[in-house]
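Residue numbers (the working numbering): 5 to 202.
In this text, a Cβ means the ideal position worked out from N, Cα and C, and glycines have one as well.
Quantities reported herein were computed from a predicted structural model and do not represent experimental measurements.
Down below is the structure, laid out as structure tokens.
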Amino acid sequence: MGEITERRMMKAAVVDKFKQQLEIKEVPVPSLEYGEVLVKIKACGVCHTDLHAAHGDWPVKPKLPLIPGHEGVGIVEEIGEGVTSIKVGDRVGIPWLYSACGECEYCLTGRETLCPDQLNAGYSVDGGYAEYCKAPANYVVKIPEHLDFAEVSPIFCAGVTTYKALKVAEAKAGDWGRHLWNRWTRSRCSTVCKSDGL
5 MGEITERRMM
15 KAAVVDKFKQ
25 QLEIKEVPVP
35 SLEYGEVLVK
45 IKACGVCHTD
55 LHAAHGDWPV
65 KPKLPLIPGH
75 EGVGIVEEIG
85 EGVTSIKVGD
95 RVGIPWLYSA
105 CGECEYCLTG
115 RETLCPDQLN
125 AGYSVDGGYA
135 EYCKAPANYV
145 VKIPEHLDFA
155 EVSPIFCAGV
165 TTYKALKVAE
175 AKAGDWGRHL
185 WNRWTRSRCS
195 TVCKSDGL
């Protein structure tokens with residue numbers, strides 16, 4: 005008779021139905037596929053996009069059931085076959101852009117966020133409102149040891165948005181940021197600018 009192995013379980017905040025409260029549930033820890041890592045989540049920021057996902061009020065609906073959260077950060081607990089750039093124990097973040105095709109005109113010109121086949125954490129795939137989250141190793145970002153998980157988590161959404169704006173604007177040292185849309189983004193922009201010498 006074959007051996008029966010019990011699947012590991014975790015707690016997660018789950019959206020089962022749009023416009024309902026999140027429910028804390030016991031769900032299976034995600035199984036890894038080729039090129040993926042399993043991250044023990046230490047913090048996950050809350051973004052207004054998470055509310056849009058839970059309400060299902062954008063034209064492209066998220067998957068259901070869904071574990072929201074696209075600012076998950078934590079420690080790599082397991083690596084899948086083929087992973088060489090990340091190791092167990094690395095501190096990483098999982099951004100909104102979970103993956104893209106890598107072959108379309110957008111991906112080939114550095115505009116992966118426009119890829120028609122992109123997957124998004126906490127929207128088209130499960131996100132960081134859980135004890136564990138899996139992600140493609142090529143899309144997670146290493147986090148330096150000196151940074152606090154709770155403080156760095158929002159960088160994986162508003163911080164990336166700010167960085168992209170500076171990159172597209174070709175901002176240089178001494179330039180002033182213009183048309184910043186809210187105080188939180190302004191403060192993150194200031195932090196990014198300082199770290200880039202602007």
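Asked                                                                                                                                                                    : Found
Starting from Glu82, follow the beta strand (DSSP E) in both directions and report where the run begins and ends.                                                        : 76-83
Which of helix, strand or coil does DSSP assign to Gly163?                                                                                                               : helix
Assuming Val33 and Val96 are in contact, meaning their beta carbons sit under 8 angstroms apart, how far apart are those beta carbons, in whole angstroms?               : No, Val33 and Val96 are not in contact; Cβ-Cβ is about 17 angstroms, not under 8 angstroms.
Could you check whether Gly78 and Lys29 sit closer than 8 angstroms to each other, using their CB atoms as the reference points?                                         : no
Please report the residue range of the alpha helix (DSSP H) in which Gly154 lies.                                                                                        : Here residue 154 turns out to be Ala, not Gly, going by the sequence shown. 153-156 is the extent of the alpha helix (DSSP H) around Ala154.
Under 8 angstroms between the Cβ atoms of Ile71 and Ala134?                                                                                                              : yes
Evaluate Ala154 with the Cβ neighbour count: other Cβ atoms within 10 Å of its Cβ, from every protein chain shown; 16 or more gives buried, anything less gives exposed. : exposed
Rounding to the nearest angstrom, what Cα-Cα distance links Ser25 and Tyr167 in this structure?                                                                          : Per the sequence shown, residue 25 should be read as Gln rather than Ser. In a straight line, the C-alpha of Gln25 is about 33 angstroms away from that of Tyr167.
Terminal residues of the continuous alpha helix (DSSP H) containing Glu109?                                                                                              : 109-112
Under 6 angstroms Cβ to Cβ from Asn124, same chain only, skipping five residues before and after it: list those, please.                                                 : Trp100, Tyr102
Report yes if the C-beta distance between Phe22 and Glu75 is below 8 angstroms; otherwise report no.                                                                     : no
My parser needs the alpha helix (DSSP H) runs of 4 or more residues fully inside the segment 102-152; what are they?                                                     : 109-112
Compute the beta-carbon to beta-carbon distance between Ala141 and Val41, rounded to the nearest angstrom, for a pair I have assumed lies under 8 angstroms.             : 5 angstroms
Leaving out five residues before and five after Cys119 in sequence, what residues of the same chain have Cβ atoms less than 6 angstroms from its Cβ?                     : Ala104, Cys105, Cys108, Tyr110, Cys111
Give the secondary structure of Ala47 by DSSP, where H, G and I count as helix, E and B as strand, and everything else as coil.                                          : strand
Look at the alpha carbon of Ala175 and the alpha carbon of Ile98, and state the distance between them as a whole number of angstroms.                                    : 26 angstroms
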